[in-house]
Structure formats: C-alpha cells, structure tokens
Amino acid sequence: MTAVARSNSIGGGGRGAGGLHVTIESHIPDDRIEMFHRLYEEAFGPLRIKAIARQVLHRSEFHAEMVDPRVAKHVARTATGEPIGVTTLTKHLETVPWISPEYFAARYPEYAARDAIYYAGFTLVAPSARQGAAFHAMIKSIVQVLVAERAAVGWDICSYNNTRFSFADSLRAVLDEQQANVEVAVEDSQTYYAARFTGDGATKGG
C-alpha cells in the first residue's frame, strides 16, 4: 500500500474541480514506480537536449527518491486515482545531490536550528495537464507545509522551463494567492559557456 500522510483537495473541503486531489506520500510501492517513471520521462525527457546541466535523474536515482521516506511526494491525482503530477519536498538536504546543504545552514542559521530548511527537488506534470490545476494544487500543498513550519525552502528552475512555462511566475502566483508572509529572492546563478573551434589550427602560428 502507498503510505499517505494526508490528502489535500483544491478549494476547501472535498475534492477539487473534476475530482483532482493531492496525496502526500512517503513511499511509492515498487509495482507503481514504473508508472511514475514514465510520467517523469514524459515531462523531463525533453530537457536532455534543452539544458546544459543535467535535469533528468537516472532511473536508479529516480527509484531511490520514490522509496526514500525522507522525501515527501506530493502527488496530484485525478478522480480515478491516476497520477498526473509529482512534486518532491524534503528537509533532508543530503538527499538532493546537486545542492550544498552547508550553504543553506550558513545562510539560514535560525531555520537550521529549528530543522526547518526544505528543498523542492522536482515538480512535474503530465504534458497534457501542464496548464491545468495539477501544478497549482501541488504547489499549494507544499506551501501549506512550509507556512505551518515557518520554513525556509530552496528550489531551482532551468532557464528553458522558466521561459517556456513561466514556472517562476506560477509559483509566485500561488504564494500570493495563499497570502503567505514570505520573501522570495534569487540566491545564486551559474552561467555555462561553450567554445567552438573552427578551421585548421595546425597551419596557424608556424
């Protein structure tokens, strides 16, 4: 059985429009991980040729996230229970290999002392539902956790996703809607360069 910590519905009591709801799950059963991985590949696979930094987890890495109870999976589901989106959230920053936990501890010592620093690892929505309510519902679910704990949270968005799907603006809209007392700032950036050598260098510089 899937471990469910709680269920949130869109817009108050009961299920949201069309029966869409979010479950917060600590462990995805092995016999369901392949279905989630197909959804992940459908959403993230195109980034292999769109972003220089690796955006796509290897299958083994994805499996590890799905079974790790330290990583909460906020899963958007239809009325029939079909998963159409997943967002991961954890306060165990060592489970996120591409970030530096020490940075966050030094940057937010008061939050670190309360064990209230989180990282949102990835958010994916099936392409057919990307502009629908699933993304909104999952972020709303995460915001409720963060507000309750007066937490600090980090996340990253590659430029392709930010430009193509306006993820940063969507996140800001949900925060504004929840009327959360929150400050959002760009913490860091990294610029990737490439050089392309042309011509026959052997004939140069004699």
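Reminder that position 164 of the sequence shown reads as 163 in numbering that gives the first Met the number 0, one-by-one numbering, no gaps.
Here a beta-carbon is modelled for each residue, glycine too, at the ideal position from N, C-alpha and C.
On a predicted model such as this, the values are computed, not experimentally measured, just so you know.
Nearest-angstrom Cα distance between residue i and residue j?
i, j, result
"A133", "V66", "22 Å"
"A119", "T197", "42 Å"
"R149", "S59", "33 Å"
"V85", "A193", "33 Å"
"Y102", "D199", "45 Å"
"I32", "T122", "16 Å"
"V144", "K49", "32 Å"
"I98", "R195", "29 Å"
"N180", "V142", "11 Å"
"D30", "V74", "16 Å"
Counting only the same chain and skipping the five closest in sequence on each side, list residues whose C-beta sits under 7 Å from that of residue i.
i, result
"D114", "K90"
"Q54", "F43, L46, C157"
"F61", "H36, Y39"
For residue i, which of helix, strand or coil comes out of DSSP?
i, result
"I32", "helix"
"Y191", "coil"
"H135", "helix"
"G18", "helix"
"G44", "helix"
"F103", "helix"
"F61", "helix"
"P96", "coil"
"R37", "helix"
"Q54", "coil"
"V144", "helix"
To which residues does DSSP link residue i through a beta bridge?
i, result
"T208", "Examination of residue 208 is not possible in this model, given that the chain is present from 0 through 205 alone."
"Y117", "V152"
If you measure from the CB of residue i, is any heavy atom of the ligand COA nearer than 7 Å?
i, result
"Q143", "Absence of the ligand COA from the depicted structure is noted, as is the absence of any ligand whatsoever, leaving it without description."
Can you list, in chain order, the residues of its chain whose CB lies under 8 Å from that of residue i, leaving out five sequence neighbours each side?
i, result
"R76", "L19, H20, V21, T22, P82, I83"
"P126", "E41, A42"
"Y191", "I51, A52"
"V95", "T89, Y118, G120"
For residue i, I'd like the list of residues in its chain whose CB is within less than 6 Å of its CB, leaving aside the five on either flank, ordered along the chain.
i, result
"A78", "G18"
"V124", "G84, A133, F134"
"W154", "A119"
"A151", "Y107, Y110, I116"
For chain D, find out if any of its Cβ atoms is closer than 8 Å to the Cβ of residue i; answer yes or no.
i, result
"S127", "Absent from the structure: chain D. Only one protein chain is present."
For the stretch 27-42 and the stretch 104-112, state whether three or more C-beta atom pairs, one from each stretch, are separated by less than 8 Å. no
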